[in-house]
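Q:
In the UniProt record's numbering, the protein residues as written are 1 to 474.
1. Report the partner residues of residue 405 according to the DSSP bridge assignment.
2. Report yes if the C-beta distance between residue 94 and residue 130 is below 9 Å; otherwise report no.
3. Can at least three beta-carbon pairs, one atom from the region 373-388 and one from the region 286-301, be found at a separation below 8 Å?
4. Along the beta strand (DSSP E) that carries residue 261, what are the first and last residues, could you check?
5. For the beta strand (DSSP E) containing residue 218, name the first residue and the last one.
6. In or out: residue 448 buried (at least 16 other Cβ within 10 Å) or exposed?
7. Give the DSSP bridge partners of residue 234, in chain order.
8. DSSP on residue 97, reduced to helix/strand/coil?
9. Can you grab the Cα-Cα spacing for the pair residue 290 / residue 24, in whole Å?
10. In angstroms, rounded to a whole number, what distance separates the CA positions of residue 220 and residue 282?
11. Please check the pair residue 250 and residue 225, which I expect to be a contact at CB under 8 Å, by giving their CB distance rounded to whole angstroms.
12. Confirm the yes/no value for this check: CB of residue 262, any heavy atom of the ligand NAP, distance under 8 Å.
13. Kindly confirm or deny that the region 30-37 and the region 87-107 touch, where touching means at least three C-beta pairs closer than 8 Å.
14. In the DSSP output, what is residue 23 paired with across the bridge?
15. Is the number of C-beta pairs between the region 7-14 and the region 52-64 that are closer than 8 Å three or more?
16. Out of 465, 401, 391, state which residue places its alpha-carbon closest to the alpha-carbon of residue 32.
17. Going by C-alpha distance, which of 263, 64, 247 is nearest residue 301?
18. Using DSSP's beta-bridge definition, name the partner residues of residue 434.
19. So, is residue 84 buried or exposed, given that buried needs 16 or more other C-beta atoms within 10 angstroms?
20. Suppose the cutoff is 6 Å on Cβ atoms and the five residues either side in sequence are ignored; what does the same chain contact list for residue 126 look like?
21. How would you call residue 157, buried or exposed, if buried means at least 16 neighbouring beta carbons within 10 angstroms?
22. I believe residue 121 touches residue 466 by the beta-carbon criterion, under 8 Å. Please report the beta-carbon distance rounded to the nearest angstrom.
23. By how many angstroms is the C-alpha of residue 252 removed from the C-alpha of residue 476?
24. Residue 318 to residue 340, Cα distance in whole Å?
25. Measuring alpha carbon to alpha carbon, tell me which of 311, 365, 337 ends up nearest residue 345.
26. How big is the Cα-Cα spacing for residue 357 and residue 134?
27. Return the CA-CA distance between residue 333 and residue 79, expressed in angstroms with no decimal places.
28. By DSSP, does residue 470 sit in helix, in strand, or in coil?
29. With 16 as the cutoff for other CB atoms within 10 Å, does residue 17 come out buried or exposed?
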C-alpha cells in the first residue's frame with residue numbers, strides 16, 4: 001500500500017472508546033490507511049515522542065464574518081487561529097457576514113470568498129429568517145450543514161428572529177429531508193435594564209438577561225421538537241442551568257434534541273468579571289459559580305452533548321472597550337456592558353481551557369475526545385470523515401502536551417481582533433502540531449518571534465471547503 005506520511009507517538013488516543021497507548025498511523029491520499037499498535041519512530045514523518053496524538057478538534061460554532069465584516073474576522077485569520085489550537089475543522093455561522101447565509105446565492109458567495117484562505121477544513125451552517133423557508137431544502141442540497149435561527153434579536157439587522165408561525169413553516173420544510181434546526185434559545189420575558197444601575201458593572205447587564213429567557217425559549221424548542229418528530233433540534237450555547245430539567249425530560253422522552261455549551265460558560269464565572277471589561281460580554285451571559293457547577297454536572301453526565309467556542313469577535317470600538325483609548329462611538333460610555341457588542345473571542349484556545357478546568361472535575365482525555373472531536377463531528381454531519389482516528393477517515397490530528405503549562409498571551413493569538421477574556425490565563429495543555437488530511441499546517445517549533453505573524457504555519461493553505469450535503473441518517 002502506498003503511503004504519503006507516517007505519524008507515531010508513545011501516546012495515541014484513537015477515539016473516546018480507546019485507551020491511550022503507542023501507535024503508528026500510515027496516511028495515504030489524506031486518509032488513514034493503516035494503524036499499527038506500536039511506537040515506530042524509524043522513518044516517521046512526525047515522531048511525537050511522548051506527546052499526545054489524537055484526532056483534530058472539530059469546532060462546530062464559529063463566526064468567521066466573511067464576506068462583509070472581515071474587519072471583525074476573516075477566514076485566513078480564523079483558520080490560522082484554529083490551526084494554532086489543534087482545531088482541524090470549523091463550521092461557520094450564517095450571521096454577522098453580509099449577506100447572511102440564508103439563500104443559495106449567499107451560500108455560494110461565502111464559499112467563493114473563502115477559496116484559497118483556509119488553513120483548516122471549513123463548512124457553514126445556513127440560517128432561518130422570516131420568509132426564507134423555501135430556500136432551506138435547496139441550501140441543504142448545495143451543502144449547508146443545517147440551519148440556525150434566533151428566537152430573539154440577533155444583534156444584526158440582516159438576520160431577524162423568527163416567531164412561532166415562521167418557525168413551523170421552516171420545520172415543515174426541513175422535515176422533508178431531516179435537516180437540522182439550531183436555536184439561539186432566548187426569548188423576551190419582560191426583563192429590562194435598570195437605568196439606575198451602573199452600565200459598567202457586569203451585574204447590570206447580567207440581571208437584564210435572566211435564566212428565564214433561556215427557559216422560556218427551550219420550552220418552545222421542546223414543544224416544536226415533539227410536534228415535528230423527525231426534525232433534529234439543537235440548542236446552541238446553553239448558559240442557564242435552570243433549563244437542564246426540561247432538557248433532561250425531553251431526552252428521556254426520546255426527542256431528537258441535542259445541546260451544546262461553550263468554553264466560556266465552563267471556565268469563567270460572573271463573580272470574576274471586572275468592571276468595564278466588556279470582552280466578557282456575550283449572549284446568553286456568563287452566569288454565576290453555582291450555575292457553572294451545574295453545567296459541568298450536565299457535561300459529565302452527558303446531558304450536554306458537546307462543547308464549542310462560539311467565537312464571535314468584533315472590533316474593540318464596538319466592544320466600547322477602554323483599550324480603544326477613547327476611540328468609540330460619540331456619546332457611548334466606555335466599558336458599557338449593556339451597549340457593547342456581545343461575543344467572546346476564543347477559537348483555537350478551547351482545548352487547554354476545557355482540559356484545565358475539566359480534569360479538576362474528573363474529566364478524562366477520552367471525555368475531551370468525545371466533547372470536542374467526535375460529537376461535534378457528528379453534529380456537523382461529518383462523522384464518516386472526522387472526529388476519530390480510524391482507517392478511511394481524514395488524517396486530521398493534533399499533537400499536544402496535556403501536562404505542559406500554557407500562558408495565553410492575547411498578542412500572540414491569531415484571530416484578527418485580540419480582545420479576549422483569556423489574556424494572561426495559565427492553562428495546562430500546549431498544542432505543538434496540527435495536521436489536516438496528512439499535512440502539517442501548524443508547528444510550534446517553527447515559530448520565530450522575529451518573523452511575520454504567519455510564522456509556524458504552512459506557507460500554503462491546505463484547508464478545503466466541506467461541500468457535501470448533510471445526512472442525518474447516520
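Quick reminder that beta carbons are idealized off the backbone N, C-alpha and C, glycines included.
Note that the structure is predicted; figures quoted are calculated from it, not measured.
A: Let me lay it out:
1. Position 405 of the chain shown holds residue 405. Answer is 428.
2. Position 94 of the chain shown, counting from 1, holds the residue named residue 94. Position 130 of the chain shown, counting from 1, holds the residue named residue 130. No, they are not a contact pair.
3. In short, these stretches do not touch, since the Cβ pair count stays below three.
4. To locate residue 261, count along the chain shown from 1; it is residue 261. From DSSP, the beta strand (DSSP E) with residue 261 extends over 257-262.
5. Stepping through the chain shown from its first residue, residue 218 is reached at position 218. Note, residue 218: premise wrong, no beta strand (DSSP E); alpha helix (DSSP H) at 211-228.
6. Within the chain shown, residue 448 is the residue found at index 448, counting from 1. It counts as exposed.
7. Here residue 234 corresponds to residue number 234 of the chain shown, with the count starting at 1. Paired residue(s): 182, 258.
8. Within the chain shown, residue 97 is the residue found at index 97, counting from 1. Residue state, collapsed to three classes: coil.
9. The residue given as residue 290 occupies position 290 in the chain shown. The residue given as residue 24 occupies position 24 in the chain shown. Taking the straight line joining both Cα atoms gives about 44 Å.
10. Residue 220 sits at position 220 when you count from the first residue of the chain shown. Residue 282 sits at position 282 when you count from the first residue of the chain shown. One C-alpha to the other measures close to 22 Å.
11. Counted from its first residue, the chain shown places residue 250 at position 250. Counted from its first residue, the chain shown places residue 225 at position 225. With 8 Å as the limit, residue 250 and residue 225 qualify as a contact, their Cβ atoms being about 7 Å apart.
12. Judged by which ligands are present, the structure shown has none, so any question about the ligand NAP falls away.
13. They do not touch, by the three-pair rule.
14. On the chain shown, position 23 is the one that residue 23 refers to. In DSSP, residue 23 forms a bridge with 9.
15. yes
16. Within the chain shown, the letter at position 32 stands for residue 32. It is 391.
17. Here residue 301 is taken as the residue at index 301 of the chain shown, counted from 1. Among 263, 64, 247, the Cα nearest to that of residue 301 belongs to 247.
18. Here residue 434 corresponds to residue number 434 of the chain shown, with the count starting at 1. In DSSP, residue 434 forms a bridge with 398, 442.
19. In the chain shown, the residue the question calls residue 84 occupies position 84. With 16 or more other Cβ atoms inside 10 Å of its own Cβ, residue 84 counts as buried.
20. Counted from its first residue, the chain shown places residue 126 at position 126. Answer for residue 126: 94, 101, 139, 144, 147, listed in chain order.
21. Position 157 of the chain shown, counted from the start, is the residue given in the question as residue 157. Under this definition residue 157 is an exposed residue.
22. Looking up residue 121 in the chain shown gives position 121. Looking up residue 466 in the chain shown gives position 466. Indeed, because the Cβ distance is near 6 Å, the residues count as touching under 8 Å.
23. Outside the modelled stretch of the chain, which goes from 1 to 474, sits residue 476, for which no answer is possible.
24. If you number the chain shown from 1, residue 318 lands on position 318. If you number the chain shown from 1, residue 340 lands on position 340. Distance between the alpha carbons of residue 318 and residue 340 is about 6 Å.
25. The residue labelled residue 345 in the question sits at position 345 within the chain shown. Ranking the options by Cα distance to residue 345, first place goes to 311.
26. On the chain shown, residue 357 is found 357 positions in, with the first residue counted as 1. On the chain shown, residue 134 is found 134 positions in, with the first residue counted as 1. One C-alpha to the other measures close to 44 Å.
27. Taking the first residue of the chain shown as 1, we reach residue 333 at position 333. Taking the first residue of the chain shown as 1, we reach residue 79 at position 79. Taking the straight line from one Cα to the other gives about 33 Å.
28. Numbered from 1 along the chain shown, position 470 holds the residue referred to as residue 470. Note that residue 470 scores a pLDDT of 43, beneath 50, so its modelled location is shaky; the value from the coordinates is reported in the next line. Reduced to three states, the DSSP call for residue 470 is coil.
29. If you number the chain shown from 1, residue 17 lands on position 17. Looking at its Cβ environment, which holds fewer than 16 other Cβ atoms inside 10 Å, residue 17 is exposed.
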